[in-house]
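Residue numbers (this note's numbering): 89 to 701.
Note that beta-carbon positions come from the ideal geometry of N, C-alpha and C, so glycine has one too.
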């Protein structure tokens, strides 16, 4: 979710990346290393002993003692770190890069900034917190066969499930936020009841340059700009790197760490700080990055990580946003992959954190929430992206085939702050729209303290003629990362599958909601649920229909899939759950050969669609 970095960095000039010695350890008796910046593959290999409570770490001969240990589980600095199991890592696949003289100098300056000017003292940018337990990065994993340990994989899952998320290539050199990691896709290819896992970085321009230089080059967007002095120092350092030829901003600086989308005959890895990256799954289950995609030069700077694909027309609707007018641009991509011209929205009068939107068969709906960008936030020592309690949230509605913004209408909806949209549809012959989304009740904590966020799913109805707005709570539980049957995007649906925050970004289970309940019925709309168990945490679910091409099948006739990690054993699994059962019964469980860190958004692609890529 590397949002808002898009044109913020491109217009500012930007970027060094963080520096802090970080190494995961689960025992006080193991050999430790002093690390300033290494590739993940070059860290010491950890092997699991027969005794699951202890690990053995083998350090390279040239290793030096680590001066400060960073625990696997986040604890205050003076606390004794608990003993937890460390994940098994691959053998190094690449030798440590010998840095050039300019790189050594720039890294020294970066270290000075991170040590004396802006150290990671706040929990919201502390790598000890954001990279603890299963948030810690993993190495790439080539296609590896998995063991089905429970039930059997249904035939409709023949294809592949992909999940994107942050996985920093280098150990942070300073402040770090969850949204700042390099994109890594974890795919599980399924064929005739057998499963193959593969974990690969999205080979963005930023990733490749930093890999070849042997260290980070650009600053972290969400954690690197805290106050005027640190921001100025990091921008100056980034400018120096750019002027010396270490980095070319014109080739992109995004992380592609947020989501995936299939449209226009291509599979894209997305992050709204950059253009999409085309990726492909090979016949043996390996993931390849094809390259950065600009739609024949028609897309510039960036694109949302949440395009909406109309399942009936095959069109993709998307947008880009940034800190300079026009703050919002809306556009459409035809089924053949041809991008239509941007529609600039000048009626959005100040930059907003616009991560997601919704479509109906007639309209596109944009949330203008209380999170935005304001350089004045930095004067107070904070990030330029923050909450504005004085702003009145509103929803913008524009015909999805509009030629300009003349028909754009804005409706004030006080207290409505949603970052993710679940679905929307038309009612009353197109005179009204309905939006379903999780409303963030404590928006001031969105970026700084995600563990304090509570999102309540709501149904919002707007009469487009009178401007009247009605809001109906669907559930009071802390729910987000919600999905529907993809065949119902843009039209009225009944069921929603949402992740249960425990608290976010950790997910302790999932629930099934019935959003068709009348406004007069004030009962909670949860009709099915499954908790993963003590110490077991997952992520966003995804719905896969049993018969996607059958228009007469029930909306919930299918399966809900997700990666789940057991922090007690260090084992990750791929779960398949019956979407119709009252307890979302597990019909198949696949033991994964390597843990899958917690991440963001996923996508299932059928075997038929994979073969067309």
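Paired residues, beta bridge with residue i - DSSP
| i | result |
| --- | --- |
| residue 575 | Residue 575 is not bridged to any residue. |
| residue 451 | 487 |
| residue 665 | 648 and 674 |
| residue 699 | Answer by DSSP bridge pairing: none, since residue 699 is not bridged. |
| residue 367 | 355 and 377 |
| residue 232 | 285 |
| residue 80 | This structure leaves residue 80 out entirely; the chain is present only between 89 and 701. |
| residue 461 | 473 |
| residue 432 | 417 |
8 Å CB neighbourhood of residue i in its chain, flanking five on each side removed
| i | result |
| --- | --- |
| residue 356 | 348, 349, 350, 364, 365, 366, 367 and 381 |
| residue 429 | 386 and 419 |
| residue 435 | 484, 493, 496 and 498 |
| residue 573 | 581, 583, 631, 633, 643, 644 and 646 |
| residue 458 | 475, 476, 477, 479, 481, 505 and 531 |
| residue 414 | 432, 433, 434 and 436 |
| residue 622 | 656 |
Beta-carbon separation (whole angstroms), residue i vs residue j, contact threshold 8 Å
| i | j | result |
| --- | --- | --- |
| residue 427 | residue 386 | 4 Å |
| residue 48 | residue 613 | It is not possible to answer for residue 48, since the shown part of the chain is limited to 89 through 701. |
| residue 663 | residue 674 | 6 Å |
| residue 220 | residue 537 | Residue 220 to residue 537, Cβ: 16 Å. No contact. |
| residue 256 | residue 225 | 5 Å |
| residue 682 | residue 440 | Not quite, the Cβ-Cβ distance comes to about 38 Å (not below 8 Å), so this is no contact. |
Residue i in three-state terms, based on DSSP
| i | result |
| --- | --- |
| residue 540 | helix |
| residue 531 | helix |
| residue 204 | helix |
| residue 294 | helix |
| residue 327 | helix |
| residue 191 | helix |
| residue 286 | strand |
| residue 404 | strand |
| residue 318 | helix |
| residue 118 | With a pLDDT of only 32 at residue 118, under 50, the local geometry of the prediction cannot be trusted, and no value is derived from it. |
| residue 686 | coil |
| residue 165 | Legend: pLDDT at residue 165 = 35, less than 50; position of this residue unreliable, no value from coordinates given. |
| residue 215 | helix |
| residue 566 | coil |
| residue 268 | helix |
| residue 479 | coil |
| residue 623 | coil |
| residue 419 | strand |
| residue 503 | coil |
| residue 301 | helix |
| residue 518 | helix |
| residue 343 | coil |
| residue 635 | coil |
| residue 221 | helix |
| residue 456 | strand |
| residue 442 | coil |
| residue 243 | helix |
| residue 509 | coil |
| residue 551 | strand |
| residue 387 | coil |
| residue 197 | helix |
| residue 546 | strand |
| residue 186 | coil |
Heavy atom of the ligand NAP within 6 Å of residue i beta-carbon
| i | result |
| --- | --- |
| residue 578 | What this structure holds is no ligand at all, so the ligand NAP is not there to describe. |
Contacts around residue i, its chain only, beta-carbon distance under 6 Å, and the 5 residues preceding and following it disregarded
| i | result |
| --- | --- |
| residue 510 | 524, 525, 570 and 584 |
| residue 197 | 325 |
| residue 553 | 519 |
| residue 677 | 237, 238, 661 and 663 |
| residue 343 | 90, 270, 271 and 359 |
| residue 454 | 445 and 484 |
| residue 672 | 616, 618 and 665 |
Proximal residues to residue i (C-beta, below 7 Å), its chain only, five neighbours per side dropped
| i | result |
| --- | --- |
| residue 602 | 582, 583, 613 and 615 |
| residue 670 | 616 |
| residue 320 | none |
| residue 452 | 405, 418, 445, 486 and 488 |
| residue 449 | 514, 578 and 579 |
| residue 377 | 290, 291, 365 and 367 |
Exercise for the section: Taking 8 Å as the threshold, find out whether the stretch 289-303 comes into contact with the stretch 330-344 through three or more Cβ pairs. Expected result: yes
Handout entry: At least three beta-carbon pairs within less than 8 Å, the stretch 621-633 to the stretch 226-238
Key = no
Exercise for the section: Evaluate the contact criterion for the stretch 309-321 versus the stretch 399-413: three or more CB pairs, one atom per stretch, below 8 Å. Expected result: no
Practice task
Check whether the stretch 320-339 touches the stretch 266-279, taking contact to mean three or more Cβ pairs, one atom from each stretch, closer than 8 Å.
Solution key: no
Exercise for the section: Report yes or no: do three or more beta-carbon pairs, one from the stretch 501-517 and one from the stretch 548-560, lie closer than 8 Å? Expected result: yes
Exercise for the section: Count the CB pairs spanning the stretch 644-662 and the stretch 304-311 that are closer than 8 Å, and state whether there are at least three. Expected result: no
Handout entry: Any 3 or more C-beta pairs closer than 8 Å across the stretch 589-603 and the stretch 194-208
Key = no
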